[in-house]
């Protein structure tokens with residue numbers, strides 16, 4: 001390999017590393033704090049942000065337009081133009097000579113439309129931020145604060161319940177459904193960026209919730225199997241109760257719960273529930289209150305639902321939600337629908353009404369078709385029906401919650417250890433090896449850079465133990481250089497020319513370095529298989545560091561020596577703090 | 001080739017063998033006296049929680065008293081700056097609680113209730129909670145054992161492949177020597193044993209091997225250059241030749257781990273300390289134990305190596 005080619009390889013690697021690290025660099029150092037907070041925001045926070053920003057912008061524009069009829073649309077709002085032009089086209093209006101604020105307003109029929117357009121823009125800008133954040137080197141929960149839970153699906157209990165051994169498909173299905181349930185439950189809390197994934201092929205589920213998470217709330221989604229039911233709505237009672245609430249507004253508390261309804265208004269065997277629909281931010285929005293019957297006869301437990309799907313009606317092309325009941329459920333459902341033709345059936349998930357449908361006829365056979373939704377609602381209902389009741393018991397196997405303050409302490413501890421570790425080593429190498437110390441330190445810095453770049457490329461998370469691994473990598477890289485230097489020093493002191501001493505030094509050190517790196521790599525690869533996050537982080541960083549150290553010590557450091565000898569025509573090797 | 005004057009390390013070998021044995025016996029006796037290892041929740045399932053008491057001036061004894069009589073036995077340790085009143089609570093989960101769905105919430109809730117009963121409502125701030133359930137803990141023990149064993153065997157195979165068997169066996173003995181000593185020390189000072197400890201042990205093994213391999217490499221090379229030399233002089237020469245490398249490398253690792261030790265707290269702090277001790281012991285064992293032992297195993301003469309991958313000066317002249 002020519003030296004030119006080697007130089008080219010190194011420069012290329014550094015450039016690629018830099019390219020991959022740039023998003024991380026710009027995120028942590030160039031992005032304003034407010035944007036970072038926003039990207040980690042919950043659904044509610046994002047909605048509030050979008051709405052406030054849109055409202056402020058609108059008011060600004062109005063003021064501007066009122067002051068000066070000919071004021072042009074500010075440039076930062078140019079994103080509105082495609083839609084404005086489109087609206088002009090639709091209304092067959094000619095474009096104005098200049099896009100003044102009144103001209104832009106004219107494109108919208110109502111102020112709400114305009115506001116909607118602005119809101120959408122700000123909502124999208126946050127999701128863009130989130131996408132950007134997803135592409136950078138992530139901080140582990142021990143650094144950012146947050147909660148990590150390992151949940152085991154109790155498949156043994158499921159097998160005992162079914163009375164037969166589970167097939168792999170049964171297990172996959174049970175765990176997949178449990179994950180769906182957890183997802184829907186966590187979504188209702190509006191936690192930002194939850195990570196929910198299954199152990200490959202296993203029965204464990206990993207849940208990670210970054211940021212300050214209220215343990216009480218999270219315990220709620222871990223608890224219990226959840227409840228899904230189909231209840232008949234009592235229309236008369238619904239009207240009675242809603243009238244009573246309208247007359248007694250003080251009975252509704254801040255959370256929207258109603259207390260103190262008199263027994264003669266409510267009636268026995270009934271329950272007041274609230275109907276919620278998700279808005280475009282994914283947040284539950286209050287629709288209305290309905291009274292449902294909770295008697296056995298008017299109620300079907302969701303565990304009878306075996307599967308649910310969305311299809312399109314062949315004639316009307318409207319989406320329909322189909323679900324299938326087991327045999328006991330089918331019998332009960334037939335009786336229930338037979339007795340309640342013309343009434344509404346509510347789908348109740350964890351105490352909230354999620355959907356309603358009118359019963360047009362008695363349904364036998366346990367195969368049920370529900371119509372009257374748009375595609376989005378139909379899909380949501382399908383998910384609800386499929387996941388409302390947990391198929392298996394979930395057992396919390398491990399649980400770690402780290403407050404954000406502790407996380408901040410951990411970051412400064414990590415940064416300090418890396419910084420001071422580097423400083424100690426760099427200074428020591430300079431003092432001990434003089435000129436050659438620069439080579440080692442350069443190789444060391446390039447190595448750190450490459451390791452972090454690799455971590456970034458594979459979207460890995462940096463944990464505190466990962467940082468410990470990084471610090472250890474400093475030691476490993478330096479060691480490789482030391483082995484080479486000691487060899488060069490020996491040869492040089494024995495009277496060889498600088499070029500020969502360097503050459504022999506590297507050749508002799510090659511297998512020593514190889515052996516020591518391979519053995520350490522074996523240890524770190526085995527460690528990385530341990531299913532404990534903290535140890536994994538350490539082992540993976542160390543493994544990457546080892547491979548990268550092989551490259552920098554044998555390749556980069558060599559090139560620097562060759563450069564000194566060939567290009568700078570060095571007659572001496574500066575490699576020791578003392579003479580031989 | 002410049003032949004340095006060899007330092008007669010191997011003269012001390014019987015003294016050093018004895019010293020190693022005595023030290024290992026002492027630290028393991030210490031572990032037994034202290035009542036065995038202080039197992040962390042990775043290996044002894046349960047809850048570990050750091051709480052801060054924000055009302056009054058509670059002492060450890062107050063916290064212990066508050067938690068007395070709870071279903072779970074809590075051990076309480078003060079952590080960090082005493083003026084912040086932070087305590088680590090540790091409760092062990094019983095095996096029959098393996099099927100309790102939300103065990104961490106149950107135990108944590110009880111602790112909080114007991115503390116609030118004594119120190120007042122809203123006086124307890126939970127800073128950190130860590131919980132490992134009984135079923136996972138069992139799996140971790142089994143998994144860790146297998147992984148550690150498999151790693152050691154893989155390393156042994158690699159050294160065997162690269163060197164002769166006597167080298168591999170001596171390397172393995174010296175690499176068992178280091179973690180056994182460090183483990184005993186961890187038990188004696190009652191440092192918490194967790195999966196991170198396993199990481200320390202394997203890292204120490206890696207480092208110690210590293211040192212050993214560098215010395216062995218040199219012994220092998222010297223065998224061909226100084227065929228007539230007495231085996232113990234031969235290894236003394238190799239150790240002397242690599243001594244500055246051994247010391248410089250260990251020093252740089254120590255320097256970087258000292259930085260970690262100074263700036264971190266908790267398990268990583270312990271991790272760094274164990275590693276620092278391990279590096280020192282590893283350096284000692286590769287100088288005083290591994291090489292002389294290798295000569296002893298091979299019957300007084302280090303086995304001659306095939307010269308296949310070795311470099312002569314002729315090879316080294318090509319650019």
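Protein chains in written order, with the working numbering: chain U, 1 to 580; chain W, 1 to 319.
Heads up, the beta-carbon is just placed ideally off N, CA and C, and yes, glycines get one too.
As the structure is a prediction and not an experimental result, all values here were calculated from the model.
The shortest CA-to-CA distance from residue 5 of chain W to any of W/284, W/240, W/248 and W/158 is the one to W/240.
In this structure, the alpha-carbon of residue 455 of chain U lies about 55 angstroms from that of residue 233 of chain U. Across the set U/422, U/300 and U/257, the C-alpha of U/422 shows the shortest separation from the C-alpha of residue 449 of chain U. Under the DSSP assignment, residue 481 of chain U falls outside any beta strand (DSSP E), being part of the alpha helix (DSSP H) whose first and last residues are 464 to 493. The C-beta distance from residue 137 of chain W to residue 45 of chain W rounds to 4 angstroms, short enough to fall under 8 angstroms. Put simply, the CB of residue 99 of chain U is far from chain W, with every gap to its CB atoms at 8 angstroms or more. At least one beta carbon of chain U lies nearer than 8 angstroms to the beta carbon of residue 130 of chain W. For residue 123 of chain U, the enclosing alpha helix (DSSP H) starts and ends at 111 to 134.
For residue 256 of chain W against residue 425 of chain U, the beta-carbon gap comes to about 6 angstroms, under 8 angstroms, which counts as contact. Sequence-distant Cβ neighbours of residue 279 of chain W in its own chain, meaning closer than 8 angstroms and more than five residues away, are 204, 207, 250, 253, 254 and 257. Spatial neighbours of residue 121 of chain U in its own chain (CB-CB distance under 6 angstroms, excluding positions within 5 residues in sequence) are listed in chain order as 79. Flagged as an interface residue toward chain W: residue 511 of chain U, by a C-beta distance shorter than 8 angstroms.
The beta-carbon of residue 465 of chain U is placed less than 8 angstroms from the nearest beta-carbon of chain W. Interface flag for residue 209 of chain W against chain U is set, since a Cβ pair is found closer than 8 angstroms. The beta carbons of residue 141 of chain U and residue 199 of chain U sit about 17 angstroms from each other, so the pair does not count as a contact at 8 angstroms.
Among the residues facing chain U, residue 164 of chain W is not included, as its CB has no counterpart in that chain under 8 angstroms away. Non-local C-beta neighbours of residue 54 of chain W in its own chain, meaning closer than 7 angstroms and more than five positions away in sequence, comprise 123 and 125, ordered along the chain. Using a Cβ-Cβ distance cut-off of 8 angstroms, the stretch 526 to 542 of chain U and the stretch 463 to 470 of chain U are in contact, since at least three pairs of beta carbons, one from each stretch, lie closer than that value. When DSSP reads this structure, residue 291 of chain U sits in a beta bridge with U/272. Residue 475 of chain U counts as buried, since at least 16 other C-beta atoms from the protein chains shown sit within 10 angstroms of its C-beta.
Residue 321 of chain U places its beta carbon less than 8 angstroms from that of residue 370 of chain U. For residue 519 of chain U, the C-beta contacts it makes with chain W under 8 angstroms involve 155, 158, 159, 206, 209, 210 and 213, in order along the chain. Under the Cβ distance rule, residue 135 of chain W counts among the residues neighbouring chain U, one pair being separated by less than 8 angstroms.
Residue pairing of residue 79 of chain W in beta bridges, as defined by DSSP: W/86. Shown here, residue 173 of chain U sits in a helix according to DSSP, grouped into three states. Residues of the same chain with a CB within less than 8 angstroms of the CB of residue 95 of chain U, apart from the 5 flanking positions on each side, are 85 and 88 in chain order.
Residues of chain U whose Cβ lies closer than 8 angstroms to the Cβ of residue 104 of chain W are, in chain order, 396 and 399. Under the DSSP assignment, residue 301 of chain U falls outside any alpha helix (DSSP H), being part of the beta strand (DSSP E) whose first and last residues are 299 to 301. Of the residues U/484, U/521, U/18 and U/457, the one whose Cα lies closest to the Cα of residue 245 of chain W is U/484. Close to residue 217 of chain W, with beta-carbon spacing below 8 angstroms, are these residues of chain U in chain order: 511, 512 and 515. Looking at the DSSP output, residue 61 of chain W bridges to nothing. According to the DSSP assignment, residue 336 of chain U belongs to the alpha helix (DSSP H) that extends over 327 to 338.
The beta carbon of residue 74 of chain W does not come within 8 angstroms of any beta carbon belonging to chain U, so the residue lies off that interface. Here residue 264 of chain W really is in contact with residue 272 of chain W; their C-beta atoms are around 7 angstroms apart, less than 8 angstroms. A check of alpha carbon separations from residue 110 of chain W across W/68, W/148, W/145 and W/140 identifies W/68 as the nearest. Below the 7 angstroms Cβ cutoff, chain U contributes 482, 483 and 486 as neighbours of residue 245 of chain W, in chain order.
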